[in-house]
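Participant:
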Amino acid sequence: MKKPAKPAREYISPSDLTFGLTTCTRCLWIKYWYKISAPLTMPLVGTLSTLQEERFHNADMPTIDPSLRPGTLTKWGEFVKSKPLVINGVDTRWRILGKYDLVSTNVDGTIGLIDCKVSDSQRDNAAFYSPQLEAYAYALENPTAGKGHTVASMGLLIWKFTTTLGDNDGSHGFGVDQKYVGVERDTPNFLATIAKFIDILEGDLPDSGPTCTTCSYLLARNALDKL
Ligand code: SF4
């Protein structure tokens, strides 16, 4: 597949540093050079994350987890865009662009970043999401315009469904277990991950990976046409 003269998008989504990089990079490459993305079917994800985030508007940080610095969640759902990334001292054309979930204004002038999840996945751990949260932190500390702010804490706020609530009066709901998982700042790991990501984007079209079910399905489906 030939590359166009320039990518269709030069803004890297923080979430592409987790799921995309750990499964197959072929569709990611096509997304950035041709702006064609595989269709996703994730019913309820948007509704659940909006409901979860709204619960924490203006919340005090230590009420979420005692380890967090004094501060208040004052911002939510805003896009952040970074300056062009500099990798190993070399300017690149690539920037970070993403919409964070929750950001606190801390008493000491720093900020805190929280990513909300409604999930029971074993993947909800600090190591898996570190590059994604670092990407948001990079954009918050190195914005394309305005003053950057030091990100003092990052973490996952996870809700896991555990029970149903309500009586037989027509009012029902789900109960959840809430867990805050702190994610340590690890800028070197982020820079290594983003460097690898940019290498892939600047290279030729990658082969498809073995772990994505979409290509496996298409190959099996197309084989049937040859019977
Ligand atoms: S395996 Fe196929 S469908 Fe899945 S990400 Fe790779 S190229 Fe895309």
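Residue numbers (the numbering used here): 47 to 273.
By construction, the Cβ of each residue, glycine as well, lies at the ideal position given by its N, Cα and C atoms.
1) Comparing the CB of Ala-269 with every heavy atom of ligand 1, is any distance shorter than 7 angstroms?
2) For Thr-93, which residues of its own chain have a beta-carbon under 7 angstroms away from its beta-carbon, when the five flanking residues on both sides are left out?
3) Starting from Ile-82, trace the beta strand (DSSP E) both ways and give me its first and last residue.
4) Which residues bound the beta strand (DSSP E) around Gly-144?
5) If you check the beta carbons only, do Glu-99 and Leu-148 fall under 8 angstroms apart?
6) Report yes if the C-beta of Thr-64 is less than 7 angstroms from at least one heavy atom of ligand 1; otherwise report no.
7) Hey, quick one: how far does the beta strand (DSSP E) through Met-200 stretch, first residue to last?
8) Do you know whose CA, among Thr-196, Leu-186, Tyr-146 and Ala-51, lies nearest Leu-203's CA?
9) Is the beta carbon of Glu-230 less than 8 angstroms from the beta carbon of Ala-172?
10) If we call anything under 8 angstroms between Cβ atoms a contact, is Thr-239 one with His-195?
11) Curious, which full-length beta strand (DSSP E) runs of at least 3 residues does the segment 100-177 contain?
12) Considering Asp-223, what are the terminal residues of the beta strand (DSSP E) in which it resides?
13) For Pro-89, which of helix, strand or coil comes out of DSSP?
14) Which whole-angstrom value describes the C-beta separation of Gly-117 and Thr-151, a residue pair presumed to lie in contact below a C-beta threshold of 8 angstroms?
15) Between the Cα of Pro-252 and those of Ile-58, Asp-213, Ala-51 and Gly-66, spot the shortest distance and give me the residue it belongs to.
16) Which term fits Pro-60, buried or exposed, when burial requires 16 or more other beta carbons within 10 angstroms of its beta carbon?
Facilitator: So, to answer that:
1) The answer is no for Ala-269.
2) Excluding positions up to five away in sequence, the list is empty.
3) Ile-82: not part of any beta strand (DSSP E); DSSP gives it neither H nor E.
4) Per DSSP, Gly-144 belongs to the beta strand (DSSP E) from 141-145.
5) If you check the CB distance, Glu-99 and Leu-148 come in under 8 angstroms.
6) No, Cβ of Thr-64 sits at least 7 angstroms from all heavy atoms of ligand 1.
7) Unbroken beta strand (DSSP E) run through Met-200: 197-211.
8) The alpha carbon of Leu-203 has as its nearest neighbour, out of Thr-196, Leu-186, Tyr-146 and Ala-51, the alpha carbon of Tyr-146.
9) A contact, by the Cβ cut-off of 8 angstroms.
10) Taking 8 angstroms as the Cβ cut-off, Thr-239 and His-195 do not qualify as a contacting pair.
11) The DSSP assignment places complete beta strand (DSSP E) segments of no fewer than 3 residues inside the segment 100-177 at 117-122, 125-127, 141-145, 148-152 and 157-164, in order along the chain.
12) Segment 219-228, the beta strand (DSSP E) holding Asp-223.
13) Pro-89 falls in the coil class under three-state DSSP.
14) Rounded, the Cβ-Cβ distance is 6 angstroms, consistent with contact.
15) Ranking the options by Cα distance to Pro-252, first place goes to Gly-66.
16) With 16 or more Cβ atoms within 10 Å of its Cβ, Pro-60 is classed as buried.
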